[in-house]
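According to my numbering, the sequence shown is numbered sequentially starting from 3.
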Amino acid sequence: MKPLVHHLHDYLKGRCTPDEVFQVETIGRLLDADYSGAMTYGEIMRHGDFGLGTFSGLDGEMAAVDGKFYRFGPDGTGKPVDPASQAPFAVVKHFNTDITIKLDGPCDLETVQATIDQNLPERDALCAVKISACFEDLQFRVMRRQSDGTDLDTASQSQAEFHEKGLDGVLVGFRFPGDSAPVGVPGYHLHLIIEDGRLGGHCHGAVLRDITIEIDDTDHLHLAADDGMTRLTAGMSADDRARLDRVERERRT
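Have a look at this one:
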């Protein structure tokens, strides 16, 4: 596997090449219950037209596609992101399709992800993924605003949960290598945009049909994080990995 982190971001000299993933801070920072803003979305938008993230205090979910950045609140509805708002964590990229796959379905999200894995040029690759489909069944959530110091497990227990059927939309996100933690989220991390931002959030389950998968394969992650190298070399404990899996993958209600 090629190196996950291409270079750490120097804010004063910061530059982003067209084909790299740009990430603000680390998932380990959220596990440490630090939800303070690290970079404005106005700055983040310079580094990509596609991606996902959250806001200061975990106050909602961000999803972006085709240069449109949406902020989804606890009622599940979206509005354009204020460039002055800040992210404690975000991942973006200038999306360019390298691989396209079409599936009739219906199939569940795990089957779609397995299909992507089978078509990647490397077994454990870093890539951006866009999945356009009709969602026969859909489960997603939106985090509610929290105070710094509130454990991420505790914060996730108050998240707003949604279950919808028969909607057209797109999943946007990234597949990170299995050894990415505590820098990134290992495996798939996908946010949802329904009907130009009418609904959306963090997707944790779906049955899809009429599926178009677009994959943007990349080699490099540009990490903008004060302690990125420290976290990269420290690794993640088994307990923290289990906590991350609970927060990212599981439905809470």
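Backbone N, C-alpha and C fix where the C-beta goes; we use that ideal spot for every residue, glycine too.
Bear in mind that the values here come from a model prediction, so they are computed numbers and not experimental data.
Quiz item: If we ignore side chains and look at the alpha-carbon of each, how far apart do Lys167 and Val209 end up?
Solution: Approximately 9 angstroms between the Cα atoms of the pair.
Of all the options Phe176, Ala157, Gly171, Val93, which has the alpha carbon lying nearest to the alpha carbon of Val131? With distances taken between Cα atoms, Val131 lies closest to Phe176.
Nearest to His191 by CA position, among Leu223, Gly55, Leu201, Ala35, is which residue?
Of Leu223, Gly55, Leu201, Ala35, the smallest CA-CA separation from His191 is found for Gly55.
Could you round the C-beta distance between Phe57 and Arg73 to whole angstroms and report it? I think they count as a contact, below 8 angstroms. 7 angstroms between Cβ atoms; contact.
For this session: Give me the Cα-Cα distance between Cys136 and Met64, rounded to the nearest whole angstrom.
Result: One C-alpha to the other measures close to 21 angstroms.
My output table needs one value for Ser134: the three-state DSSP class, helix, strand or coil. DSSP places Ser134 within a strand segment (E or B) once states are collapsed to three.
Under the three-state DSSP convention, the category Leu122 falls into | Looking at Leu122 - three-state DSSP - the assignment turns out to be coil, as it is neither helix nor strand.
- Query: In three-state terms, what does DSSP make of Val67?
  - Reply: In the three-state DSSP reduction, Val67 falls in the strand class (E or B).
inquiry  = One question on the structure: do Val94 and Asp51 come within less than 9 angstroms of each other, judged by their Cβ atoms?
reply    = In this structure, the beta-carbon distance from Val94 to Asp51 falls below 9 angstroms.
*asked:* Can you check which of these residues, Pro82, Asp198, Ile133, is closest to Cys205 by C-alpha distance?
replied: Nearest of Pro82, Asp198, Ile133 to Cys205, Cα basis: Ile133.
Query - Cα-Cα separation between Lys4 and His222, rounded to whole angstroms - result: Confidence at Lys4 is low in this model, with a pLDDT of 44, below 50, so its placement is unreliable and no value can be given for it.
Starting from Glu45, follow the alpha helix (DSSP H) in both directions and report where the run begins and ends.
Taken as a continuous stretch (DSSP letters only), the alpha helix (DSSP H) holding Glu45 covers 43-46.
Legend entry - Proximal residues to Ser38 (C-beta, below 7 angstroms), its chain only, five neighbours per side dropped: Once the five neighbours on either side are set aside, the close Cβ partners of Ser38 are Ser58, Pro90, Asp150.
Inset, instruction - State yes or no: is the C-beta of Glu27 within less than 9 angstroms of the C-beta of Ala92? - result: Result yes, Cβ atoms of Glu27 and Ala92 sit closer than 9 angstroms.
Where His165 falls, given that 16 or more other Cβ within 10 Å makes a residue buried
Classification for His165: exposed.
Item to check | Length of the line joining the Cα atoms of Gly62 and Gly207 | outcome: Straight-line Cα distance between these residues: approximately 19 angstroms.
| task | Name the residue from Ala157, Pro20, Gly30, Asp21 whose alpha carbon lies nearest to the alpha carbon of Ala183. | result | When only C-alpha atoms are compared, the closest one is Gly30.
- prompt: Who are Val215's beta bridge partners in DSSP?
  reply: At residue 215 the sequence reads Ile, which differs from the Val that was named. Partner(s): Ile103, Ile133.
*Rounded C-alpha distance that separates Leu246 from Val187*: With a pLDDT of only 46 at Leu246, under 50, the local geometry of the prediction cannot be trusted, and the value read off the model is given with reservation. The straight-line gap from Cα to Cα measures roughly 8 angstroms.
For this session: For the alpha helix (DSSP H) containing Arg31, list its first residue and its last residue.
Result: For Arg31, the enclosing alpha helix (DSSP H) has its first and last residue at 29-33.
Give the DSSP bridge partners of Thr220, in chain order. Bridge pairing for Thr220: Leu128 [DSSP].
Exercise. Where do the ends of the beta strand (DSSP E) carrying Asp170 lie?
Worked result: Start and end: 169-178.
**Asked** Mapping DSSP to helix, strand and coil, what is Gln115?
**Response** Looking at Gln115 - three-state DSSP - the assignment turns out to be helix.
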